[in-house]
Amino acid sequence: KRLAPTGLTCAASAAYWRVPYVPHPKHEHVGRIGMHLATLSKYKLADAARRQLPLLQESRVRRLFNLRRCALETPLVDGPT
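So for the sequence shown, our numbering puts the first residue at 63; every next one is plus one.
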């Protein structure tokens, strides 16, 4: 609704990074954090698909906090929005 004045009325998003708990800063823990990859468009979008990219070769602890790299495939639909 807030993007309607800009003409960007169609959107798709996918989870890019999620961490269940971040114990930082020391006295005010952040808690749960999530980041999404998004496509905003003035054209109508078809079904979006999240494509997982290979994970980095790291320890399990680092993998928990590092990015889950991906690409968001969002084809356009022919015709008006």
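Cβ coordinates follow ideal geometry from the N, Cα and C atoms, glycine included.
Around the C-beta of Thr68, fewer than 16 other C-beta atoms lie within 10 Å, and the residue is accordingly described as exposed. The closest CA to that of Ala111, considering only Leu117, Val81, Ala73, is found on Ala73. In this structure, Ala108 lies away from Thr71, with their beta-carbon atoms at least 9 Å apart. Under the DSSP assignment, Gln114 falls in the beta strand (DSSP E) whose first and last residues are 111 to 114. In the DSSP assignment, Ser103 falls within the beta strand (DSSP E) that extends over 93 to 103.
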